[in-house]
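Single-structure report; data block below.
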Amino acid sequence: MAMRKEVLLAAMMLALVVAAPGGAHAACEVGQLTVCMPAITTGAKPSEACCGSLRAQQACFCQYAKDPSLGAYIRSPHARETLVSCGLAVPHCS
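Residue numbers (mature numbering (1 follows the signal peptide of the UniProt record, and there is no 0)): -26 to -1, 1 to 68.
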């Protein structure tokens, strides 16, 4: 079941990357967060690569949280734990 979630998440991220329009949000590349899948889906300790990707995508967190296909993962307790473990603030999205 966990593997199925990870495959689904990877497929959604890939679809968003492929379908993402250029322009104002061109820097938001959700595919860069695939290195964080173990931490976000299972609560594993995030890797340095994950933390680096989170830092690079930090301005995009609220955009991702509002996305119907990503929001549940981005707002999950494990995602919050991952941010804190990487020394990042949990965003307060309106």
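Note that the Cβ used here is the ideal one computed from N, Cα and C, for glycine as well.
Residue environment for Pro20: buried (at least 16 other C-beta atoms within 10 angstroms of its C-beta). When the alpha-carbon of Pro65 is set against those of His52, Thr15, Pro42, Cys34, the nearest one is in Cys34. Here Val9 has Ser21, Ala23, Cys24, Ser27 as same chain residues with Cβ atoms under 8 angstroms from its own Cβ, once five neighbours each way along the sequence are excluded. Take the alpha-carbon of Ser50 and the one of Ile14: they are about 8 angstroms apart. A Cβ-Cβ contact shorter than 9 angstroms links Gln37 with Cys2.
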